[in-house]
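Trainee: Please find one structure pasted underneath; my questions will follow.
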Amino acid sequence: MLTNHQEHLTFTVPLTLENHSLAQTFRRQQSDSTKGKQVYLNTLAVSAVRYYLCCMGIETNCENCSSWNSVAQSFMDVGDLEIPQLGKLECRPILPNSDIVRIPAETWYDRIGYIGVQFDEALREGTLLGFVKNVASCELPIRQLLSLEDLLIHLDELQQTALSRMQVNLSQWFENVFAAGWQSLEALLTANVSQQAFSVRNETNIINTVRGAKLIDLGLRLGQISLALLIAITQEAKESRCITIQLHPMTSNKFLPNNLKLILMSTLGEIIQEVHSRSMDNYIQLKRFRGKPGEQFTICITNNEFTLTENFVI
1 MLTNHQEHLT FTVPLTLENH SLAQTFRRQQ SDSTKGKQVY LNTLAVSAVR YYLCCMGIET
61 NCENCSSWNS VAQSFMDVGD LEIPQLGKLE CRPILPNSDI VRIPAETWYD RIGYIGVQFD
121 EALREGTLLG FVKNVASCEL PIRQLLSLED LLIHLDELQQ TALSRMQVNL SQWFENVFAA
181 GWQSLEALLT ANVSQQAFSV RNETNIINTV RGAKLIDLGL RLGQISLALL IAITQEAKES
241 RCITIQLHPM TSNKFLPNNL KLILMSTLGE IIQEVHSRSM DNYIQLKRFR GKPGEQFTIC
301 ITNNEFTLTE NFVI
């Protein structure tokens, strides 16, 4: 259950019999009762965060985590939860009426963030109070936790950074091979993306043209507006490739946000060309350019509050 306390977003999770059964299984594998209680609470905290991330559509994996390993649990105070390709969150249990999050020094490294989960007296519920990106102390006052809204923005930024390190091979599109996050334009087309708007100037080359698209959802940073980055690559004579790049609004939005920039850059970060949206633009487009197989370039989308980059090789 989502709760907004003075604009600070929290989330309350029901702790099920299955959650308690798993925590009890891990506790029984500890010979010391104090360590067993610690493991029990850590397991419930991880389960609560895992449930929340599932509700947000974020994939998690416990199999490679110390918090799911009875041997590691015996000598570590840990509640790690992996988000594939991004890293591990540390899930810290908070006792009822406590105003402190206790964060062991052994968890200060190799984490992408720390989430505080406060339990009720009966351990029937766990409330995710907020998160921080980094820590440098074993005790953190609850009042210093950021909102869960900030957590989602943080994870999105990490996702965009991870994607920006990848390189999209445009030549593979001719073999119907698309990188993660990309698909053929035909697969993405909806009533909100006009196929006529995304046309290739030389219609005689249409059989040598392939078009791909990527849906971009920046959520709160763009007022819940989704975008579609569309690219067409056309095979021409002598291994030359002609490339067209457009940016469209998606869902129910007819127009792009104002002052949104679409930038073509070299691999050294030099701006080759750019275009920005105005108040009534239903899409923006870079000037068509040409390149040869193996040449690289970068596309940047920004409104000065966020920046998204994508690297390409022709």
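Residue numbers for the sequence shown follow this note's numbering, beginning at 1 and rising by one. Note that beta-carbon positions come from the ideal geometry of N, C-alpha and C, so glycine has one too.
Based on DSSP bridge pairs, tell me the residues matched to Y114.
Mentor: The residue labelled residue 114 in the question sits at position 114 within the sequence shown. BP columns for Y114 point to E90 and V132.
Trainee: Compute the distance between the beta-carbons of N258 and S279, then report whether it is under 7 Å.
Mentor: Within the sequence shown, the letter at position 258 stands for residue 258. Within the sequence shown, the letter at position 279 stands for residue 279. Cβ atoms of N258 and S279: closer than 7 Å.
Trainee: Quick one: what's got a C-beta closer than 6 Å to L188's C-beta in the same chain, skipping five residues either side?
Mentor: As a first step, residue 188 is located in the sequence shown; it is residue number 188 there, counting from the start. Hits under 6 Å: A213.
Trainee: Look at T107 and V78 and say whether their C-beta atoms are less than 7 Å apart.
Mentor: For the purposes of this step, residue 107 is taken as residue 107 along the sequence shown, with counting starting at 1. For the purposes of this step, residue 78 is taken as residue 78 along the sequence shown, with counting starting at 1. Yes, the pair counts as a contact, with Cβ atoms nearer than the cut-off.
Trainee: Near Q144, what residues of its chain come up, given a Cβ to Cβ distance below 8 Å and the 5 sequence neighbours on each side ignored?
Mentor: The residue given as residue 144 occupies position 144 in the sequence shown. Cβ within range, chain order: V132.
Trainee: Determine whether the beta carbon atoms of V117 and A180 lie at a separation below 7 Å.
Mentor: Here residue 117 refers to the residue found at position 117 when the sequence shown is read from its first residue. Here residue 180 refers to the residue found at position 180 when the sequence shown is read from its first residue. No; because the gap between Cβ atoms is not below 7 Å, this pair is not in contact.
Trainee: Tell me whether Q196 sits in a helix, a strand or coil according to DSSP, three-state version.
Mentor: To locate residue 196, count along the sequence shown from 1; it is residue 196. Caution is warranted here: a pLDDT of 45 is assigned to Q196, below 50, making its placement in the model unreliable, and no coordinate value can be reported.
Trainee: State the start and end residues of the unbroken beta strand (DSSP E) segment that holds Q85.
Mentor: Here residue 85 corresponds to residue number 85 of the sequence shown, with the count starting at 1. Element bounds for Q85: n/a, residue is neither H nor E.
Trainee: Going along the chain, which residues of its own chain have a beta-carbon closer than 7 Å to the beta-carbon of D217, five neighbours each way excluded?
Mentor: Taking the sequence shown and counting its residues from 1, one reaches residue 217 at position 217. Hits under 7 Å: S226.
Trainee: Ignore the nearest five residues each way along the sequence and tell me which others in G269's own chain have a CB closer than 7 Å to its CB.
Mentor: The count along the sequence shown starts at 1 and reaches residue 269 at position 269. Closer than 7 Å at Cβ, skipping near neighbours: no residue.
Trainee: Am I right that V13 and G126 are in contact with their C-beta atoms under 8 Å? What's the rounded C-beta distance?
Mentor: As a first step, residue 13 is located in the sequence shown; it is residue number 13 there, counting from the start. As a first step, residue 126 is located in the sequence shown; it is residue number 126 there, counting from the start. Right, their Cβ atoms sit about 5 Å apart.
Trainee: Are the segment 161-177 and the segment 302-313 in contact at 8 Å, needing three or more beta carbon pairs?
Mentor: The segment 161-177, when compared against the segment 302-313, does touch it at the 8 Å Cβ threshold.
Trainee: Starting from V275, follow the beta strand (DSSP E) in both directions and report where the run begins and ends.
Mentor: What you label residue 275 is simply residue 275 of the sequence shown in a count that begins at 1. It spans I271 to H276 - the beta strand (DSSP E) in which V275 sits, taken as one unbroken run.
Trainee: DSSP three-state label for E203, please.
Mentor: Within the sequence shown, the letter at position 203 stands for residue 203. Because E203 carries a pLDDT of 43, less than 50, the predicted location of this residue cannot be relied on, and no value is offered for it.
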